[in-house]
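Visitor: Dropping a structure here in structure tokens format, bear with me for questions.
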Amino acid sequence: MSRTFIKKALFTLLLSIILFPSCAPNEEGMESENFSLVPPGKADNFYSDSAMEFLVSGSMLVELAEEHLDLPADEQRDRAEELAQLKVTMLMAYLNEYVIDKSDHSSQADYGGLHAMARAASFESETLTEESPGVYRFSFTGEIGGSLDFMDLVPASPNYTAPLGGKVLEFGVPLLSTTDLQNGLWQSSYAISPSSWDPATKDPSVVEVVPLTITPEEISKDAFIDYNALMADGLLTVGIHFGYDYNEQQYDLQEAREVYDKLVVWGFASPAPSFEALTLTSGPFVKTVTANGRSVRVEITLIHDQMVDPVSDAALLKAALIESFTTREVILFNGHAGFSGRFLPANWQSTSAGNISSEEMWAMNLPSWYQVVLVNGCDTYGKFADNFRLNPAKQDAQGNLINVDVVTSTSFAWLSQMGNVSLKFVQSLCGGYQNEVTPITWDRLLTEINWGVNSSVFFGVHGIDDNPRLHPFADPAAQCRPCAATSDCGSPLGQKCVAMLDGAKYCAMTCLDDSACPVSMTCQNVAKEASIVSRHCVPVSLTCTSDAH
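This note's numbering applies: residue 181 is where the sequence shown begins, and numbers increase by one.
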């Protein structure tokens, strides 16, 4: 399976200098401006991320049932491929149960718990080879999202040579007959179900040991949220949803109220006179902001499960969430979740009428335009991003996730922080007290939501490999324009007036890496008063004189 099957997830907790502050910029006078180019190799960089993805690979055997041994060779192979996928799916479920963090209520709270989670759709069988009549060996790969110290937590096998930077884990799963594998015994029998399985407590005769090679994967590069795509029509629509909470503290109400109160303080016009008066049909909070000199109308619809009866009216809450998925640019879902991949806006303990399954997400009439989605719940990394990737509107010809950035978690999420996380998104996308939009990178937003108590949640974003690495407010027409101050260059966020290597000052667009810059230009560090403040596109010659660009 191609490792590009989904755009690599970027999970970051950036503890270094923030290059793109979210506060509104102050136009500086010429006398205080002194942006100068830093030649390559002259400045150290520090980058810290909170989690990353790891590649899991290995091989296993499957054996055809006796009644299939007389089938033609091609049909035998088809049967073997079906068995291989069943078996790798089984392995994924047991591996996920081993690596995920456990709650105090878990029946085996001390088993594994490596601050990680398997991405279900990534586990697939690959090459298949017949070793003897009816017996086939197949290889497989899959992905795990985990904390930075995940490799340190994996117990290394002394019986295998590991690749550089990786480890081999000898992992035990139930030894099943072909019939039991086909019948899904591992799912129906509590004695060997993933939630109750610990191979160390089993007789070795009922355990199949699978050597798993685990290696770190390359991390995606940072990118900007695509503000231009979100606001192209002068309207930004946001749906903030709080799903049913069974806790006596009623965090669904607490956190929704926090969002209501803050939106009002930030100057949004409320569609209702009070939080208690909000209904499913109240309409959006409204505010007009400025983005790169343009007026943008922001509409935020706030939905929580207590607006209706979360049991008898579960279908209404489901319909409201589907409306956000199919019509709005930004969808922030907060609530209980898990490895099932189901969205749970209503009282899922009493009825399934409000649930949105993975299969429904795949078939939903999602828009082909760019969206930002937050799935703020426990262990949402495993399936929720793939719920979007497997929808035709969010998948390219190679099966990659496109037209959406999906933020998920690889561990437990804090119900008491869900309002705060949603507000961080709103502030980053359209300003809080400020009426000016200040574009930031995903690094910056993930830093904000992974901070403090949320540092154990490991929020990350899927789908950013096709996001812009040139500042959304950059003006290509201003590049290498002579200037005396940044005010000569247009937006002070999109470009700066920079002293080149020869001392002459020119406008230079803000960038993240070389891919953002025009041909024959490179993305270089720029300093102010001996401190690196940002990166900008400059000619390879490091000067904008007419004979150099």
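In this text, a Cβ means the ideal position worked out from N, Cα and C, and glycines have one as well.
Values in this document were obtained by computation on a predicted structure and should not be read as measured data.
Nearest to Leu-410 by CA position, among Lys-563, Trp-549, Ile-399, Gln-607, is which residue?
Guide: Of the listed residues, the one whose Cα sits closest to Leu-410 is Trp-549.
Visitor: Nearest to Cys-663 by alpha carbon, out of Val-641, Asn-647, Cys-677, Val-699?
Guide: Here the closest residue by C-alpha is Cys-677.
Visitor: Quick test of your reading: Gly-612 and Thr-618, contact by CB under 8 Å. State the CB separation rounded to the nearest angstrom.
Guide: No, Gly-612 and Thr-618 are not in contact; Cβ-Cβ is about 10 Å, not under 8 Å.
Visitor: Suppose you measure from the CA of Asp-592 to the CA of Ser-602; what does that come to, to the nearest Å?
Guide: Checking the sequence, you will find Phe at residue 592 rather than Asp. Answer to the nearest angstrom: the Cα atoms are 17 Å apart.
Visitor: Give the straight-line distance between the Cα atoms of Asn-647 and Ala-301, rounded to the nearest whole angstrom.
Guide: Taking the straight line from one Cα to the other gives about 23 Å.
Visitor: Taking its Cβ as the centre, do 16 or more other Cβ atoms sit within 10 Å of Asn-363, making it buried, or is it exposed?
Guide: Asn-363 comes out exposed.
Visitor: Would a C-beta distance cut-off of 9 Å place Val-584 and Val-552 closer than the cut-off?
Guide: It is a contact, given that the beta carbons lie within the stated cut-off.
Visitor: Pairs of beta-carbons, one from the region 488-506 and one from the region 691-711, closer than 8 Å: are there three or more?
Guide: The region 488-506 is not in contact with the region 691-711.
Visitor: Residues in its own chain within less than 6 Å of Ser-671 by CB, not counting five upstream and five downstream?
Guide: Here the set comprises Asn-472, Phe-653.
Visitor: So, is Ala-296 buried or exposed, given that buried needs 16 or more other C-beta atoms within 10 angstroms?
Guide: The residue is buried, with at least 16 neighbouring Cβ atoms inside 10 Å.
Visitor: Tell me the rounded alpha-carbon separation between Thr-381 and Glu-246.
Guide: Taking the straight line joining both Cα atoms gives about 32 Å.
Visitor: Examine the ligand ATP and report whether any of its heavy atoms sits within less than 8 Å of the Cβ of Thr-358.
Guide: Judged by which ligands are present, the structure shown has none, so any question about the ligand ATP falls away.
Visitor: Does the distance from the C-beta atom of Cys-137 to that of Gln-659 stay below 9 Å?
Guide: In the structure as shown, the chain begins at 181 and stops at 729. Residue 137 is therefore absent and cannot be evaluated.
Visitor: Please report the straight-line C-alpha distance between Leu-416 and Val-469, rounded to a whole angstrom.
Guide: Answer to the nearest angstrom: the Cα atoms are 10 Å apart.
Visitor: To the nearest whole angstrom, what separates the beta carbons of Ser-742 and Ala-457, a pair I think is in contact under 8 Å?
Guide: The structure shown has nothing for residue 742, since the chain only spans 181 to 729.
Visitor: Would Glu-323 and Ser-337 be called neighbours here (beta carbons separated by less than 9 Å)?
Guide: Cβ atoms of Glu-323 and Ser-337: not closer than 9 Å.
Visitor: Give the single residue among Trp-377, Lys-401, Gly-599 whose Cα lies nearest to the Cα of Val-641.
Guide: Selected option, being the one with the closest Cα: Lys-401.
Visitor: To which residues does DSSP link Glu-243 through a beta bridge?
Guide: Its beta-bridge partners are Val-315.
Visitor: Here's a check: name, in chain order, each residue in its chain whose Cβ is nearer than 6 Å to the Cβ of Asp-224, leaving out the five neighbours to either side.
Guide: Confidence is the limiting factor: at Asp-224 the pLDDT is only 21, short of 50, which leaves the residue's position unreliable, though a coordinate-based value still follows. So the list is empty, once near-sequence residues are dropped.
Visitor: In the DSSP output, which residue or residues are listed as bridge partners for Pro-719?
Guide: DSSP output for Pro-719 lists Met-701 as bridge partner(s).
Visitor: Exposed or buried, Asp-441, counting other C-beta atoms within 10 Å across all chains shown (16 or more means buried)?
Guide: Exposed is the call here.
Visitor: Could you check what DSSP says for Ile-620 in three-state terms: helix, strand or coil?
Guide: Correct three-state label for Ile-620: coil.
Visitor: Report the residue from Glu-304, Thr-507, Gly-562, Cys-558 whose alpha carbon sits nearest the alpha carbon of Met-544.
Guide: Closest option to Met-544, Cα to Cα, is Thr-507.
Visitor: What are the complete beta strand (DSSP E) segments, minimum 3 residues, inside the region 505-577?
Guide: Listed in chain order, the complete beta strand (DSSP E) runs (minimum 3 residues) inside the region 505-577 are 510-514, 551-556.
Visitor: By Cβ distance below 6 Å, which residues in the same chain neighbour Tyr-227 in space, the five residues on each side in sequence not counted?
Guide: With a pLDDT of 22 at Tyr-227, under the threshold of 50, the modelled position of this residue cannot be trusted; read the value that follows with caution. Nothing listed; no residue qualifies.
Visitor: Between Phe-200 and Ala-707, what straight-line distance do the alpha-carbon atoms span, to the nearest angstrom?
Guide: For Phe-200, the predicted structure reports a pLDDT of 32, less than 50, and the residue's modelled location is therefore unreliable. A value from the coordinates is still provided. Looking at the two C-alpha atoms, the distance is approximately 14 Å.
Visitor: Roughly how many angstroms separate the alpha carbons of Tyr-424 and Gln-430, rounded to a whole number?
Guide: Going from the Cα of Tyr-424 to the Cα of Gln-430 covers about 9 Å.
Visitor: Identify every residue that forms a DSSP beta bridge with Ile-502.
Guide: Bridge partners of Ile-502: none, in fact.
Visitor: If you count every other CB in all the chains shown that lies within 10 Å of the CB of Thr-588, and 16 or more means buried, which is it?
Guide: Its Cβ being crowded by 16 or more others within 10 Å, Thr-588 is buried.
Visitor: Write down every uninterrupted run of the beta strand (DSSP E) in the region 347-392 whose length is 3 residues or greater and which is fully enclosed by it, in chain order.
Guide: Within the region 347-392, the complete beta strand (DSSP E) runs of at least 3 residues are 347-354.
Visitor: Please identify the residue among Val-637, Ala-342, Asp-655, Thr-341 whose C-alpha is closest to the C-alpha of Asp-559.
Guide: Answer by Cα proximity: Val-637.
Visitor: Rounded to a whole number of angstroms, what is the C-alpha to C-alpha distance between Glu-435 and Leu-625?
Guide: Rounded to whole angstroms, Glu-435 to Leu-625 spans 20 Å at the Cα level.
Visitor: Within 10 Å of its beta-carbon, does Asp-576 have 16 or more other beta-carbons around it, so buried, or fewer, so exposed?
Guide: Burial call: exposed.
Visitor: On a Cα-Cα basis, can you pick out the residue from Leu-650, Ile-620, Phe-605 that is closest to Ile-629?
Guide: If we check each option's Cα against that of Ile-629, Phe-605 comes out closest.
Visitor: By the 10 Å Cβ neighbour count, where 16 or more other Cβ atoms means buried, how is Thr-723 classified, buried or exposed?
Guide: Thr-723 is buried by the Cβ-count criterion.
Visitor: Report the option in Ala-710, Ser-711, Ser-721, Val-713 whose CA atom is closest to the CA atom of Met-701.
Guide: Met-701 has its Cα closest to that of Ser-721, out of Ala-710, Ser-711, Ser-721, Val-713.
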